[in-house]
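Written out below as structure tokens is the structure these notes cover.
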Amino acid sequence: AVKQAFYRFRQRYQALLREEIAHTVAMPSDIEDELRHLIAVVRA
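The sequence shown runs 678 to 721 under my numbering.
Structural data, given as structure tokens:
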């Protein structure tokens, strides 16, 4: 049950993050690039 709840949490978080990024870019095609950039910055 915990494993499934964590999986659902990750899926929901990913959807919310993509939605927020979509509000900050000019074109929907830029969402993936912006997401990759965000992950790179957080990892650094």
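Built from N, CA and C at the ideal position, the CB exists for glycine as well.
Residue i and residue j: beta carbons closer than 9 angstroms?
{"i": "R687", "j": "I708", "result": "no"}
Please return the same chain residues whose Cβ sits closer than 8 angstroms to the Cβ of residue i, not counting the five positions on each side in sequence.
{"i": "V719", "result": "none"}
{"i": "I625", "result": "The requested residue 625 is not part of the displayed model; the chain covers only 678 to 721."}
Rounded to a whole number of angstroms, what is the C-alpha to C-alpha distance between residue i and residue j?
{"i": "A692", "j": "L712", "result": "12 angstroms"}
{"i": "V702", "j": "A678", "result": "37 angstroms"}
{"i": "M704", "j": "A682", "result": "33 angstroms"}
To which residues of the same chain is residue i closer than 6 angstroms at the C-beta, ignoring the five residues directly before and after it?
{"i": "A717", "result": "none"}
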